[in-house]
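**Student:**
In my numbering, the protein residues as written are 23 to 168.
#1: Based on Cα-Cα distance, which residue from 58, 128, 101 lies nearest to residue 85?
#2: Between 104, 138, 145, which lies nearest to residue 164 when the distance is taken from Cα to Cα?
#3: Is residue 145 near the ligand HEM - that is, is its Cβ less than 7 Å away from at least one heavy atom of it?
#4: Identify which residue in 134, 161, 117, 68 has its Cα closest to the Cα of residue 105.
#5: One question on the structure: do residue 54 and residue 83 come within less than 8 Å of each other, judged by their Cβ atoms?
#6: Mind checking which residues open and close the alpha helix (DSSP H) that includes residue 72?
#7: For residue 147, which option in 168, 120, 136, 161 has the closest C-alpha, if you only look at C-alpha atoms?
#8: How would you write the range of the alpha helix (DSSP H) that residue 113 sits in, first residue to last?
#9: What separation, rounded to the nearest whole angstrom, lies between the Cα atoms of residue 149 and residue 74?
#10: Since residue 39 contacts residue 46 with CB under 8 Å, what's their CB separation in whole angstroms?
#11: Tell me the DSSP secondary structure of residue 26 in three-state form.
#12: Quick check on residue 144: does DSSP put it in helix, strand or coil?
#13: How big is the Cα-Cα spacing for residue 169 and residue 66?
#14: Can the beta-carbon of residue 95 be found closer than 8 Å to that of residue 114?
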């Protein structure tokens with residue numbers, strides 16, 4: 023079933039892939055990878071609360087590391103669960119350090135919270151190392167001056 027879902031994702035049939043993962047979770051409720059895939063798919067489909075529930079369930083079964091905590095932080099922020107997002111981000115940073123992905127997630131979270139100065143400061147840190155943040159940095163700067 024998991025292989026079928028992977029094939030459907032590669033074919034671009036996300037609806038069938040989602041159904042396959044949902045069936046897999048019904049058959050194997052402790053399948054962490056299937057839960058995380060569902061979490062990602064829900065987030066991408068603008069259903070972050072549902073994605074957050076899947077990701078939290080997966081982490082309760084098995085804490086596989088910082089990247090999964092970043093997923094929880096991202097989904098929680100999208101679902102406006104800022105307390106959960108902050109806690110998950112802190113945990114991810116304790117595992118991964120201040121890599122760009124952690125800092126970028128922190129900047130997005132600060133932006134979503136309306137903490138534009140904090141977001142700008144974090145983006146400046148990243149920007150010094152990486153030019154790919156220019157678009158988000160411009161959006162934060164525009165929001166700061168509204």
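We put the CB at the ideal spot given by N, CA and C, even for glycine.
**Tutor:** Walking through what the data contain:
#1: Closest in C-alpha terms to residue 85, from the list 58, 128, 101, comes 58.
#2: Relative to residue 164, the option among 104, 138, 145 whose CA is nearest is 138.
#3: Ligands in the displayed structure: none, and consequently the ligand HEM is not present.
#4: Residue 134 holds the alpha-carbon nearest to the alpha-carbon of residue 105 among 134, 161, 117, 68.
#5: Result yes, Cβ atoms of residue 54 and residue 83 sit closer than 8 Å.
#6: In the DSSP assignment, residue 72 falls within the alpha helix (DSSP H) that extends over 70 to 83.
#7: Residue 120 is the option with its Cα nearest to residue 147.
#8: Element bounds for residue 113: 104 to 118.
#9: Taking the straight line joining both Cα atoms gives about 29 Å.
#10: Contact between residue 39 and residue 46 fails: their C-beta atoms lie close to 10 Å from each other, not under 8 Å.
#11: In this prediction, residue 26 scores a pLDDT of 45, lower than 50, which makes its location untrustworthy; the coordinate-derived value is nonetheless stated afterwards. Three-state DSSP puts residue 26 in a helix.
#12: Secondary structure of residue 144 (DSSP, three-state): helix.
#13: Only positions 23 to 168 of the chain appear in this structure, which leaves residue 169 out of reach.
#14: Less than 8 Å separates the beta-carbon of residue 95 from that of residue 114.
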